[in-house]
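First up is the structure itself, then whatever we jot down about it.
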Amino acid sequence: MIRIVLDTNVFVSSFFGGNPRKLISLWEAGEVSLCLSKPIIDEYVEVLQGLGLQDEKQLGELLGLFATGIHVIFTARTPGLSVVADDPDDDKFIECGVALKADYIVSGDKALLAVENYMGIGVFNPKKILAIYKRKRANKANTTRKHA
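Quick note on numbering: the sequence shown equals residues 29 to 176 in my numbering.
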């Protein structure tokens, strides 16, 4: 299963559809695991509240999805890294990825995308991740057919 860290911009964009929504659908279907840390969840909540999601019930439901642990990998400890020179606040996504051995960090942020790869963790936009997922799935299906 592919392990991904979602930058806040991708997570929030998922509420409006498009490729970010497709990634969340893959997570909900158990096709990918979502890697999370406390700083990431805190930022998700802060940004959603800033966008008007003040309803405690809605926030509770959202946090409840993470708390169920279904297709979620959580780390309480992350290494202190300085990787994203143009936006050090984005280091939390790299730190989570390293701590949980994520395959990819998914972002729309230019500063984070400029990293491209850190310790074998690819940093790509949602469209690229979906293309990688489709290619891996097709390769897996071809391998399965050959062995059947």
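Think of the CB as a built atom: it goes at the ideal place given N, C-alpha and C, for glycine as much as any other residue.
Please state whether DSSP places residue i in a helix, a strand or coil.
i	result
T103	strand
S42	helix
L62	strand
I133	strand
G108	coil
I98	coil
A8	Summary: the structure shown does not reach residue 8, with the chain confined to residues 29 through 176, and so no result is reported for it.
Please list the terminal residues of the continuous beta strand (DSSP E) segment that includes residue i.
i	result
I32	I30 to L34
F152	I149 to F152
Along the alpha helix (DSSP H) that carries residue i, what are the first and last residues, could you check?
i	result
S53	G46 to E56
L76	K66 to G78
V143	Here V143 belongs to no alpha helix (DSSP H), and DSSP marks it neither H nor E.
A127	D119 to A127
Are the CB atoms of residue i and residue j nearer to each other than 9 Å?
i	j	result
V33	F121	yes
D35	D137	yes
L91	V40	no
A142	D114	yes
L128	K50	no
A104	S61	no
I30	I160	yes
V111	Y146	yes
Using the beta-carbon count (16 or more within 10 Å), is residue i buried or exposed?
i	result
P154	buried
F44	exposed
T106	buried
I133	buried
A130	buried
I149	buried
S53	exposed
I98	exposed
E123	buried
P48	buried
G108	exposed
CB of residue i to nearest heavy atom of the ligand NAD: below 8 Å?
i	result
L141	By its list of ligands, the structure shown contains no ligand whatsoever, and the ligand NAD lies outside what it can speak to.
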